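With positions in the sequence shown counted from 1, the corresponding number in the working numbering is that position plus 1. Ideal Cβ placement from N, Cα and C applies to all residues, glycine included. Since the model is a prediction, treat every value here as computed from it, not as a measurement.
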Amino acid sequence: MEIRHIKKSEWGKLRAFNEAEYPPGHILTDKIYYDWQFGSPFHSDSSTYSTLGAFNETGDLVGIIAFFEVPCKLPENTASGIWMANLMVKSDFRSLGLGYLLLEKASSFGDIIIDYDINQTAWPLFMKSGWKGMNVKRYLIVLKSDQTSQVAGVSINGSSLGTGMGGSAGYDIEVIDRFENEMDQFWSRIKSRYPITIERSSLYMNWRYADCPLVNYHILYAKKNNEIVACAIIRIDEIVEGAERSPIGVRVGRIIDLFGLAEADEEILRAVIDFCKEQNVAFIDFFYTGRFYDKALSAVGFVDSDQPPYASIPTLLNPIDRIKRTKNNFAFRLMNQNFKDSRIDDLDNWFSTKGNGDQDRPY
């Protein structure tokens with residue numbers, strides 16, 4: 002058995018594997034998506050994907066693990082981060098421990114390894130292997146109670162109707178298309194607020210959002226005295242249902258990333274609400290770790306989705322799934338012990354959003 006990076010010239014073999022192992026139309030069979038997600042500017046070899054393949058003696062692909070590399074900010078320095086995406090092994094080979102071998106090989110490329118939405122069967126195994134994790138918070142705000150009730154399948158009374166009016170008190174709200182040098186300067190000023198998180202350089206932000214070929218992200222800056230003080234990344238989706246992904250006539254706003262000075266939190270959140278109202282969305286949600294935004298979100302009308310009846314609003318909306326993955330999780334494993342620091346083990350120090358992993362997919 003050989004485990005190695007899959008060459009881009011082997012796309013046909015990789016696509017055939019994914020078509021056989023995943024449901025019809027799965028995003029991993031889309032070459033446009035794959036070239037972008039697993040050919041990031043942080044992957045050093047342009048001839049391969051950031052995907053390992055397990056090949057048997059006849060050269061057949063029998064297992065894969067896909068991931069992407071991105072710098073990770075730690076309390077005192079920057080480490081190489083590996084964000085896991087997909088691990089799949091053909092059924093005939095699962096009893097051989099091939100999944101474990103793929104995971105360990107991929108983990109060896111980074112100082113710290115992160116994964117989102119580990120399935121509940123695998124979760125105990127990850128925790129016993131030195132991983133630490135938690136559930137990801139989801140806060141949401143209802144703007145249209147009737148449409149939100151339609152999505153939830155239960156009555157949502159709209160008691161969390163929110164307040165907007167961003168762009169007040171000396172703040173200016175700006176919509177941009179790309180990240181320039183001022184993004185790097187802004188991030189350098191404010192990143193100390195987040196002990197552990199992705200390094201949000203202009204290179205990363207442009208790859209992740211501005212250059213994403215299949216999703217149109219909306220990028221908002223809040224500025225004060227002509228200086229960036231907060232940034233929000235928003236995605237507007239048409240909610241669909243069924244295998245045919247039929248639109249139901251309801252839109253959702255999703256805060257994919259959010260960061261800035263604490264004093265500007267409420268301002269940028271109000272700007273997001275205003276923007277989403279203009280986009281005619283039924284509700285807005287935000288997934289994140291840590292305690293960085295609990296107070297500001299509550300102040301502008303968001304609620305913790307664990308509270309009834311908001312817990313009934315599905316997390317999966319393309320298509321709607323009211324049963325699968327009602328909660329998201331997050332886990333990490335420190336590989337390079339030279340970075341060992343008690344602050345890394347404190348999960349409240351981690352700031353991660355839906356945009357940082359692979360769960361914010363086009364479909």
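Residue state for F293 is assigned as coil, using DSSP reduced to three classes. Under the DSSP assignment, Y117 falls in the beta strand (DSSP E) whose first and last residues are 113-117. Bounds of the alpha helix (DSSP H) holding K14 are 12-22. An exposed status is given to A244, since fewer than 16 other beta-carbon atoms sit within 10 Å of its beta-carbon. Between the alpha carbons of K145 and A300 lies a gap of roughly 19 Å. Here I113 is not near V304, since their CB atoms are 9 Å or more apart. Between the alpha carbons of E22 and Y222 lies a distance of about 41 Å. By the C-beta density criterion, G13 is exposed, having fewer than 16 other C-beta atoms within 10 angstroms.
DSSP places A332 inside the beta strand (DSSP E), whose first and last residues are 330-335. With fewer than 16 neighbouring CB atoms inside 10 Å of its own CB, E279 falls in the exposed class. One thing to note: V282 has its Cβ no nearer than 9 Å to the Cβ of Q151. In the structure shown, Y364 adopts coil according to DSSP, grouped into three states.
Here A67 is near F39, since their CB atoms are less than 9 Å apart.
Pairing T30 with D36, the inter-Cα distance amounts to about 11 Å.
At the C-beta level, G261 and F187 come within 9 Å of one another. In the displayed model, R190 falls within a helix according to three-state DSSP. P248 sits in a strand when the DSSP states are folded into three classes. The alpha-carbon of D178 is positioned some 43 Å away from that of D61.
With fewer than 16 other CB atoms across the displayed protein chains lying within 10 angstroms of its CB, R194 is exposed.
Annotation: R95 is outside any beta strand (DSSP E) and is labelled neither H nor E by DSSP. Across the structure, N158 and D147 are spaced so that their CA atoms are roughly 8 Å apart. Take D359, set aside five residues on each side of it, and the residues of its chain with a beta-carbon closer than 6 Å to its own are A86, in chain order. By DSSP's assignment, H6 forms a beta bridge with L53. V63 is bridged by DSSP to nothing; it lacks a bridge partner.
For the 9 Å CB-CB criterion, V253 and L318 form a contact. Residues of the same chain with a CB within less than 6 Å of the CB of M89, apart from the 5 flanking positions on each side, are E22, I65 in chain order. Of R323, D46, P214, the smallest CA-CA separation from K8 is found for D46. The beta carbons of V71 and Y289 sit no closer together than 9 Å.
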